[in-house]
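The sequence shown begins at 136 in our numbering and counts up one residue at a time.
Read the structure below first, then the notes.
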Amino acid sequence: MDVFQLVREFLSGKGAADRFEHELHNLDNTEVKIALLGRSGTGKSSLMNALVGERVAASGAVETTTKAQEFNVNGLIFVDLPGGGTTRFPFDEYLDTMKINTYDAFILVVSKRILESDLDLLNELKSRTGKKIHVVRTMIDQDIENAVHDGISPELVLPRLRSDLESKFGSTHHCWLISNRHPKEYDFPAFSDSLLEDFDDARRDKYVFAVKAYTDGQLRRKREVAERHVTLFAGMAAVNGFNPVFGADIVADVAILVKMNQWILRCYKLDEEHMHKQLRRTPLSSAQVTLVNRLIAYGTKEFILSLLKRQVTRMTGKELAKWVPVVGHMASAGLGFALTRWMGHDLILQCEEATRSLMREVHSTPARTSKSKHPV
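So, in structure tokens, the structure goes:
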């Protein structure tokens, strides 16, 4: 982004500040709606929890879904749909009742037993929506354990299960073998990444923001999304450099920086709310707790003020520059842009490091990832 072009737009009355606000508002308010289909007990709730890295839905084999249930995680909306093709939900009414054309992606979740109703639902969805359907077979870890108990080599299990899915659903569908308990293993990372193909740019960013990163590739995508947001926040800070009231722009800078840092922490699931949930599930080392607490502090007004005090020379230069007509304003804008972008970039790098540390701690067992990186 060209800061001086931004300044020229501002001086010409093109409303650069409104443009940045509008883009941030659109990104924050974009929603991604994913339909989860399949019988109860196949692992739909656990799949949601694994994708976002937190418990958003109760899991269990008890039949509880008799109507559509929504779960909203930072704009990523999962809708657990009741099974179709039954007396209660015949196919000729089911898809219309569930407003099937309002969804951005479809996931059909199956487990050990694949029924004719699963195949019928997939074919009906495909013909009605024209969209690809992701077929996910869950509980692969249990299938392997059962096979080993029966004297079957683990190396033979996955190829057999893949052949079984292909024989039932056909090779044209996207089929995945996953374990919700082990989201770094088998096809889970590739399945999560494949959903990105279903979305436009704004929904892709929202999806990356809301899901948990389990691999370096997923962390890289989070960084790309976060950097784009940091540029927008930095643009707002640059426009704020034109605030004519002495000292008022510093107050606004603090608000912009706090909002930006809180957004980055939520993106990496290192904000206070997510970390409290994490600590209830998995104990962390004292060093990791210290690291996380330090990052959480970045999202507070007190930390930002402390940081700005350490940048007193730069901020004083920003204030003094405003007394120089036009050129001074441009210098002030540039300083605001540079400071905000520097802080955002620094926090992103720290969040990446912390996420990798947590990934190593939580997933320290050897991966049993499927050799195939592609769907059946």
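Ideal Cβ positions, reconstructed from N, Cα and C, are used throughout, including at glycine.
Note that the structure is a prediction, hence the values are computed from the model and not measured.
Candidates N428, V424, M478: which alpha carbon is nearest R445's?
-> Numbered from 1 along the sequence shown, position 310 holds the residue referred to as residue 445. Answer by Cα proximity: M478.
Pick out whichever of E301, R429, S302, S327 has its Cα sitting closest to the Cα of C486.
-> Reading the sequence shown from its first residue, position 351 is the one you call residue 486. Cα-wise, what sits closest to C486 is R429.
Beta-carbon proximity list for V191, same chain, < 7 Å, skipping 5 on both sides | Start at 1 with the first residue of the sequence shown, and residue 191 comes out as number 56. The answer, listed in chain order, is M183, N184, F206, V208.
Look at the alpha carbon of G210 and the alpha carbon of V365, and state the distance between them as a whole number of angstroms.
-> Your numbering for residue 210 matches position 75 in the sequence shown. Your numbering for residue 365 matches position 230 in the sequence shown. Computed Cα separation, rounded: 19 Å.
In chain order, what residues of the same chain lie with their CB nearer than 8 Å to the CB of P460, ignoring the 5 residues before and after it?
-> Residue mapping note: residue 460 aligns to position 325 of the sequence shown, counting from 1. Confidence is the limiting factor: at P460 the pLDDT is only 45, short of 50, which leaves the residue's position unreliable, though a coordinate-based value still follows. Hits under 8 Å: none found.
Measure from the alpha carbon of F326 to the alpha carbon of each residue in R316, F334, W311, E332, then state which is nearest.
-> Your numbering for residue 326 matches position 191 in the sequence shown. Nearest C-alpha to F326: W311.
Report the option in T475, P217, K261 whose CA atom is closest to the CA atom of L443.
-> In the sequence shown, counting from the first residue as 1, residue 443 sits at position 308. Considering only alpha carbons, the answer is T475.
Could you spell out where the beta strand (DSSP E) holding H269 opens and where it closes?
-> Sequence index remark: in the sequence shown, residue 269 carries index 134 (1-based). Counting along the chain, H269 sits inside the beta strand (DSSP E) bounded by residues 268-272.
Would you call the CB atoms of A361 and I483 closer than 8 Å?
-> As a position in the sequence shown, residue 361 is number 226, starting the count at 1. As a position in the sequence shown, residue 483 is number 348, starting the count at 1. Yes, the pair counts as a contact, with Cβ atoms nearer than the cut-off.
Exposed unless 16 or more other CB atoms sit within 10 angstroms - verdict on K404 = For the purposes of this step, residue 404 is taken as the residue at position 269 of the sequence shown. It is buried - the Cβ of K404 has at least 16 other Cβ atoms within 10 Å.
DSSP-derived helix/strand/coil call for H317 = On the sequence shown, position 182 is the one that residue 317 refers to. Residue state, collapsed to three classes: coil.
Drop a sphere of 10 angstroms on the beta-carbon of T517, count the other beta-carbons inside from all chains shown, and report buried for 16 or more, exposed for fewer.
-> Outside the modelled stretch of the chain, which goes from 136 to 511, sits residue 517, for which no answer is possible.
Check the C-beta distance from R401 over to T165 and give it rounded, since I have them as a contact under 8 Å.
-> Counting from 1 along the sequence shown, the entry for residue 401 is found at position 266. Counting from 1 along the sequence shown, the entry for residue 165 is found at position 30. Not quite, the Cβ-Cβ distance comes to about 15 Å (not below 8 Å), so this is no contact.
Determine the DSSP secondary structure at S492, reduced to helix, strand or coil.
-> Here the question's residue 492 lines up with position 357 in the sequence shown. The answer is helix: DSSP assigns S492 an H, G or I state.
Within this structure, are the beta carbons of S492 and L414 separated by less than 8 Å?
-> The count along the sequence shown starts at 1 and reaches residue 492 at position 357. The count along the sequence shown starts at 1 and reaches residue 414 at position 279. Cβ distance not < 8 Å, so S492 and L414 don't count as in contact.
Please work out which residues of its chain come closer than 8 Å, Cβ to Cβ, to R363, disregarding the five sequence neighbours upstream and downstream, and give them in chain order.
-> Indexing the sequence shown from 1 puts residue 363 at position 228. D340, listed in sequence order.
For I249, collect the residues of the same chain with a Cβ closer than 7 Å to its Cβ; drop the 5 residues on either side in sequence, then sort them by chain order.
-> Position 114 of the sequence shown, counted from the first residue, corresponds to residue 249. Closer than 7 Å at Cβ, skipping near neighbours: K303.
Straight-line gap, F213 to D388 (C-alpha atoms, nearest Å) = Working through the sequence shown from its first residue, we reach residue 213 at position 78. Working through the sequence shown from its first residue, we reach residue 388 at position 253. Straight-line Cα distance between these residues: approximately 36 Å.
Measure the C-alpha to C-alpha separation of D333 and D278 and round it to an integer number of angstroms.
-> Here residue 333 corresponds to residue number 198 of the sequence shown, with the count starting at 1. Here residue 278 corresponds to residue number 143 of the sequence shown, with the count starting at 1. When rounded, the distance between both Cα atoms is 29 Å.
Local conformation of E158 per DSSP, three classes = Stepping through the sequence shown from its first residue, residue 158 is reached at position 23. E158: helix per DSSP, three-state reduction.
Does the Cβ of V424 have 16 or more other Cβ atoms within 10 Å, making it buried, or fewer, making it exposed?
-> Locating residue 424 in the sequence shown gives position 289, where the first residue counts as 1. Exposed is the call here.
How is F213 classed by DSSP in three states: helix, strand or coil?
-> On the sequence shown, position 78 is the one that residue 213 refers to. In the three-state scheme derived from DSSP, where H, G and I count as helix and E and B as strand, F213 is classed as strand.
Where K444 sits in the DSSP three-state scheme | Counted from its first residue, the sequence shown places residue 444 at position 309. If DSSP states are grouped into helix, strand and coil, K444 belongs with the helices.
Examine the ligand GDP and report whether any of its heavy atoms sits within less than 7 Å of the Cβ of L426.
-> For the structure depicted, the ligand GDP is absent and the ligand set is empty, with no information on it obtainable.
Since N315 contacts S181 with CB under 8 Å, what's their CB separation in whole angstroms?
-> Numbered from 1 along the sequence shown, position 180 holds the residue referred to as residue 315. Numbered from 1 along the sequence shown, position 46 holds the residue referred to as residue 181. Right, the Cβ-Cβ distance comes to about 4 Å (below 8 Å), so this counts as a contact.
Note the first and the last residue of the continuous beta strand (DSSP E) segment covering L205.
-> Translated into positions along the sequence shown, residue 205 becomes position 70. Note that residue 205 is Glu in the sequence shown here, rather than Leu. Element bounds for E205: 204-208.
Segments of 3+ residues assigned as beta strand (DSSP E) that fall wholly inside the stretch 343-422 | none
Considering A170, what are the terminal residues of the beta strand (DSSP E) in which it resides?
-> Within the sequence shown, residue 170 is the residue found at index 35, counting from 1. Looking at the DSSP string, the run of the beta strand (DSSP E) that includes A170 is 167-172.
Tell me whether V191 sits in a helix, a strand or coil according to DSSP, three-state version.
-> Numbered from its first residue, the sequence shown carries residue 191 at position 56. Correct three-state label for V191: coil.
Bridge partner(s) assigned by DSSP for F241 = Your numbering for residue 241 matches position 106 in the sequence shown. According to DSSP, F241 bridges with A170, I268.
Going by alpha carbons, who is nearest to H157 out of E488, T232, L367, N375?
-> Translated into positions along the sequence shown, residue 157 becomes position 22. Minimum Cα distance to H157 is reached at L367.
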